[in-house]
Amino acid sequence: LLAQLDPTFLQASVNEQRANVDRAKAQVSEAERNFNRTSDLFAKSLVSQADMDAAKTTLEASNASLAQAGAALDRVSVNLRYATIKAPISGVVISRNVDVGQTVAASLQAPTLFTIAQDLRKMQVQASIDEADIGNVQIRQEATFRVDSYPEETFRGEVSQIRLAPVITQNVVTYNVIIDVDNPQQKLMPGMTATVSIEVTHKENVLRVPVQAARFVPPTDETEDQPSGDRRAIRETQRSDSSSAQGERRDQRGGTNGNPSAEQREKFAKRMAERARLWILENGKPKVIFVQKGIQNTRFMEIVESSLKEGDEIIVGTNAPQGQQQVGTNNPFAPRMPGGGGRRGGI
Numbered sequence: 381l382l383a384q385l386d387p388t389f390l391q392a393s394v395n396e397q398r399a400n401v402d403r404a405k406a407q408v409s410e411a412e413r414n415f416n417r418t419s420d421l422f423a424k425s426l427v428s429q430a431d432m433d434a435a436k437t438t439l440e441a442s443n444a445s446l447a448q449a450g451a452a453l454d455r456v457s458v459n460l461r462y463a464t465i466k467a468p469i470s471g472v473v474i475s476r477n478v479d480v481g482q483t484v485a486a487s488l489q490a491p492t493l494f495t496i497a498q499d500l501r502k503m504q505v506q507a508s509i510d511e512a513d514i515g516n517v518q519i520r521q522e523a524t525f526r527v528d529s530y531p532e533e534t535f536r537g538e539v540s541q542i543r544l545a546p547v548i549t550q551n552v553v554t555y556n557v558i559i560d561v562d563n564p565q566q567k568l569m570p571g572m573t574a575t576v577s578i579e580v581t582h583k584e585n586v587l588r589v590p591v592q593a594a595r596f597v598p599p600t601d602e603t604e605d606q607p608s609g610d611r612r613a614i615r616e617t618q619r620s621d622s623s624s625a626q627g628e629r630r631d632q633r634g635g636t637n638g639n640p641s642a643e644q645r646e647k648f649a650k651r652m653a654e655r656a657r658l659w660i661l662e663n664g665k666p667k668v669i670f671v672q673k674g675i676q677n678t679r680f681m682e683i684v685e686s687s688l689k690e691g692d693e694i695i696v697g698t699n700a701p702q703g704q705q706q707v708g709t710n711n712p713f714a715p716r717m718p719g720g721g722g723r724r725g726g727i
């Protein structure tokens, strides 16, 4: 039992409807006696057919009134039962929105009186996933998350639902993803804010480099006097890719002329998108190398094919000379600092 509404008026309504039912039963009994008496007289031809029909109609109307009174009694009985509010499940009351003596008024929308959790040892995380990432989320993927109450502890769960209804907030579209989590120690509480990471791909024993290394662009003055630097490598790469694309077109078309097909353009764009440019030091000067990249996250990137080996040193940034402003990796939309200023980080 969670709450008990005042049943005084509801009980009075039930008593009134019971009295109406008793009165309807008495009317039915009277109509039956009148009908039986009229039937005997009609058999002896002592009453007319009109009297016989009237007695039958009165009996039928009395039965209908009895059924109507019974339906009204059922309705007020249900309202009386609703005055006793019981928990639909065995669980824990999380919040109570009513107090003793408070007036509860009927409305079009039922008010929330209590919020009940069935089992706090089984929790669900409602994660808001951006529309740019929702395509990588699948059912039964593993997820990890952290809460502010336990910053050093990582909790694990599994994706169980992907809600299709979009949530639009200030023109930002997100989708709710439900993650089932075991909470045997009941450390997690309803309403906590969690930072969730969903594992979409997993690989082991791979060669990886920091993502920052692929974003590094050396200052101009360090490479412009190097004939085998970035410009030559880029030209050679473009020439190789162009020759490869032409060879593919010749194999497909059987000739040397003609524009590349949509499939060839798609393959070429995909191959270029899977390539990354890294920089190493050779004779004190930056030298570019191109690698085939695989999966990546916000910190590291997988190297699928390259001449690099485990332990090789690559450039991730530069240090500006003393007296110059330090900047990060070059921004193509920002003006270049004179003297090739940058941030020289670890190598």
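For the sequence shown, the numbering used here assigns the number 381 to the initial residue and increments by one for each residue that follows. Heads up, the beta-carbon is just placed ideally off N, CA and C, and yes, glycines get one too. Fair warning: this is a prediction, and the values are worked out from it, not measured in the lab.
If you drop the 5 nearest sequence neighbours on each side, which residues of the same chain put their C-beta closer than 8 Å to that of Arg543? Taken in chain order, the residues that qualify are Tyr555, Asn556, Val557, Ile558.
Nearest-angstrom Cα distance between Val591 and Ile660? 15 Å
Just mark Asn458 as buried or exposed, buried being the case when its beta carbon has 16 or more other beta carbons within 10 Å. For the record, residue 458 in the displayed sequence is Val; it is not Asn. Flag for Val458 reads exposed.
By Cβ distance, which residues of its chain are closer than 8 Å to Ser690, with the 5 residues on each side in sequence left out? Here residue 690 is Glu; the residue named in the question, Ser, does not match the sequence. Around Glu690: Leu587.
Straight-line CA distance for Arg595 to Ala642? 30 Å
By how many angstroms is the C-alpha of Val505 removed from the C-alpha of Gln541? 11 Å
For Leu381, I'd like the list of residues in its chain whose CB is within less than 6 Å of its CB, leaving aside the five on either flank, ordered along the chain. Excluding residues up to 5 positions away in sequence, Lys466 lie with their Cβ nearer than 6 Å to the Cβ of Leu381 in the same chain.
Under 9 Å, do Val394 and Leu446 count as touching if we go by C-beta distance? No, the Cβ-Cβ distance between Val394 and Leu446 is not below 9 Å.
Excluding the five sequence neighbours on either side, which residues of its own chain have a C-beta within less than 8 Å of the C-beta of Lys583, listed in chain order? Gly674, Ile675, Glu682
Would Gln397 and Arg455 qualify as a contact pair, given that the criterion is a beta-carbon distance under 9 Å? In contact: Gln397 and Arg455 (Cβ atoms closer than 9 Å).
When Ser419, Thr492, Glu685, Lys502 are compared against Val561, the one with the closest alpha-carbon: Lys502
Where does Met503 sit, in a helix, a strand or coil, going by DSSP? When secondary structure is reduced to three states using DSSP, Met503 falls in the strand class.
Taking Glu580 as the reference, give the member of Val589, Glu538, Met572, Thr573 with the closest Cα. It should be pointed out that residue 580 corresponds to Val in this sequence rather than to Glu. Out of Val589, Glu538, Met572, Thr573, Glu538 has the C-alpha closest to the C-alpha of Val580.
For Val597, which of Asn563, Ala545, Lys667, Ala404 has the nearest alpha-carbon? With respect to the C-alpha of Val597, the residue from Asn563, Ala545, Lys667, Ala404 having the closest C-alpha is Lys667.
Going by Cα to Cα distance, which pick from Ala574, Asp513, Ser508, Asn563 is closest to Pro531? Ala574
Would Val552 be called buried (16 or more neighbouring beta carbons within 10 Å of its own) or exposed? exposed
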